[in-house]
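Engineer: Here you go, one structure.
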Amino acid sequence: MIWKCVKDTALMEEAMTLAAKLTKGPTSAFAEIRKAIDAGARNGYAEQLDYERDVQGMLDDHPNFAEGVKAFLTKKEPAFKA
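Just so we're aligned, residue 28 is where the sequence shown starts under this note's numbering, counting upward by one.
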């Protein structure tokens with residue numbers, strides 16, 4: 028996905044900034060998102076909805092979910108765990 032264009036000379040700095048931001052995120056959820064995207068290529072619509080429902084249910088029990096909700100409600104930066 029592309030959401031920003033930068034000059035060639037700024038590309039590496041922009042990439043490193045984005046990488047640093049992603050490492051502070053909920054990396055386990057990022058991994059599941061990637062798996063869901065891959066699964067979408069081989070699942071039918073109903074199968075994909077079932078798959079995503081199951082994964083979301085699993086991630087609801089992860090401590091990062093509670094951390095993300097708390098951070099959102101308190102307007103603070105989340106402290107996600109790997």
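Backbone N, C-alpha and C define an ideal beta-carbon position, used for all residues, glycine too.
Please report how far the alpha carbon of residue 74 lies from the alpha carbon of residue 60, in whole angstroms.
Structural biologist: Distance between the alpha carbons of residue 74 and residue 60 is about 16 Å.
Engineer: Let me know the secondary structure DSSP gives residue 62 once reduced to three states.
Structural biologist: Correct three-state label for residue 62: helix.
Engineer: Going by Cα to Cα distance, which pick from 67, 63, 97 is closest to residue 83?
Structural biologist: Among 67, 63, 97, the Cα nearest to that of residue 83 belongs to 63.
Engineer: If you draw a straight line from the C-alpha of residue 94 to the C-alpha of residue 66, how long is it?
Structural biologist: Going from the Cα of residue 94 to the Cα of residue 66 covers about 27 Å.
Engineer: Between which two residues does the alpha helix (DSSP H) containing residue 92 stretch?
Structural biologist: First-last of the alpha helix (DSSP H) with residue 92: 90-101.
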